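Novice: The following block contains the structure, expressed as structure tokens.
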Amino acid sequence: MNSRRIAILIVFASITIILNLSPLKIPAPYAPFLIYQIWEIPIVTVTLLYGFSLGFLVSIINTLILIAVFPGALPTGPIYNFMAVLSMLCGIYLISKIINGFTETKSFKIFVVASSVLGAVLRVIVMTAVNWLALPLPPPIGFSIPSEVAVTLLPFIGFFNATLVLYTVPLGELLAKIIKNNLSTV
Numbered sequence: 002m003n004s005r006r007i008a009i010l011i012v013f014a015s016i017t018i019i020l021n022l023s024p025l026k027i028p029a030p031y032a033p034f035l036i037y038q039i040w041e042i043p044i045v046t047v048t049l050l051y052g053f054s055l056g057f058l059v060s061i062i063n064t065l066i067l068i069a070v071f072p073g074a075l076p077t078g079p080i081y082n083f084m085a086v087l088s089m090l091c092g093i094y095l096i097s098k099i100i101n102g103f104t105e106t107k108s109f110k111i112f113v114v115a116s117s118v119l120g121a122v123l124r125v126i127v128m129t130a131v132n133w134l135a136l137p138l139p140p141p142i143g144f145s146i147p148s149e150v151a152v153t154l155l156p157f158i159g160f161f162n163a164t165l166v167l168y169t170v171p172l173g174e175l176l177a178k179i180i181k182n183n184l185s186t187v
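So the number in the working numbering is just where the residue sits in the sequence shown, counting from 1, plus 1.
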């Protein structure tokens with residue numbers, strides 16, 4: 002990895018961590034234990050600008066810092082965040098391979114919609130499976146929630162994951178487009 006990519010990695014990882022640890026948090030009104038945040042937006046942006054591998058590395062760094070500094074309610078919580086982000090990034094990556102580029106207005110809109118939908122679908126599927134398996138387990142993996150209760154939480158968690166993607170991906174893609182347009186004019 003060259004020094005330019007390392008600098009980009011450091012900048013985007015720093016922004017992600019600062020946003021993750023910031024007080025910009027909104028509890029979901031339907032399930033206050035789920036928190037809407039904006040820290041995933043820079044990960045989407047760096048992925049679109051510099052490729053899946055850099056987005057993946059920013060996600061890894063964010064996860065490691067959170068494990069060390071602020072894991073949340075469970076020490077394994079940052080790992081669940083990582084799985085959620087990675088599944089969403091896979092949706093964006095797959096769409097970017099299907100729709101080559103997003104420079105034109107029309108294709109940009111198609112790209113935003115398609116990657117948001119596929120990112121949300123993959124994230125909901127992956128995280129529903131993860132939560133179904135993990136929530137009944139004892140800490141530090143789960144919360145020892147009885148399976149019957151865990152199943153009733155899955156629709157709320159799925160809705161949370163879908164709605165989070167529906168603002169994260171479009172905003173990340175918009176920022177990537179703005180940055181890309183301004184970098185090419187400099």
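A virtual CB, placed ideally from N, CA and C, is assigned to each residue, including glycine.
This structure is a prediction, so every number in the text was calculated from the model and none was measured.
According to DSSP, simplified to helix, strand and coil, what is F71?
Specialist: The sequence position of residue 71 within the sequence shown is 70, counting from 1. In the structure shown, F71 sits in coil (DSSP, three-state: anything other than H, G, I, E or B).
Novice: Taking all protein chains shown into account, do 16 or more other C-beta atoms lie within 10 angstroms of the C-beta of I96, making it buried, or fewer, making it exposed?
Specialist: Stepping through the sequence shown from its first residue, residue 96 is reached at position 95. Flag for I96 reads buried.
Novice: Go through its chain and collect everything with a Cβ distance to S148's Cβ below 7 Å, but skip five positions before and after it.
Specialist: To locate residue 148, count along the sequence shown from 1; it is residue 147. Here the set comprises P137.
Novice: Would P140 pass as a contact of P76 if the rule is Cβ separation under 9 Å?
Specialist: As a working note, residue 140 is residue 139 in the sequence shown. As a working note, residue 76 is residue 75 in the sequence shown. The answer is yes: Cβ separation under 9 Å.
Novice: Since I believe G120 is in contact with G92 (beta carbons under 8 Å), could you give me their beta-carbon distance rounded to a whole number of angstroms?
Specialist: Position 91 of the sequence shown, counted from the start, is the residue given in the question as residue 92. Position 119 of the sequence shown, counted from the start, is the residue given in the question as residue 120. Correct: roughly 3 Å between the Cβ atoms.
Novice: Leaving out the 5 sequence neighbours to the left and right, which residues in its chain are closer than 6 Å to I158 when beta-carbon positions are compared?
Specialist: Within the sequence shown, the letter at position 157 stands for residue 158. Taken in chain order, the residues that qualify are N132.
Novice: Assess contact between the segment 5 to 22 and the segment 52 to 64, defined as three or more Cβ pairs (one per stretch) separated by less than 8 Å. Is contact present?
Specialist: Yes: the two stretches touch, three or more of their Cβ pairs being nearer than 8 Å.
Novice: I220 lies in the beta strand (DSSP E); which residues open and close that run?
Specialist: Summary: the structure shown does not reach residue 220, with the chain confined to residues 2 through 187, and so no result is reported for it.
Novice: If you reduce the DSSP assignment to three classes, tell me which class P156 lands in.
Specialist: On the sequence shown, residue 156 is found 155 positions in, with the first residue counted as 1. Here P156 sits in helix by DSSP.
Novice: Based on Cα-Cα distance, which residue from A32, T48 and I7 lies nearest to I180?
Specialist: Counted from its first residue, the sequence shown places residue 180 at position 179. The residue with the shortest Cα to Cα distance from I180 is T48.
Novice: In the DSSP assignment, find the beta strand (DSSP E) that holds Y37 and state where it starts and stops.
Specialist: Indexing the sequence shown from 1 puts residue 37 at position 36. Note, Y37: beta strand (DSSP E), A32 to Y37.
Novice: Check I27 in the structure and name its three-state DSSP category.
Specialist: For the purposes of this step, residue 27 is taken as residue 26 along the sequence shown, with counting starting at 1. DSSP places I27 in strand when its eight states are reduced to three.
Novice: Got a sec, what are the start and stop residues for the alpha helix (DSSP H) T48 sits in?
Specialist: Counting from one through the sequence shown, the residue named residue 48 turns up at place 47. T48 -> alpha helix (DSSP H) spans I42 to Y51.
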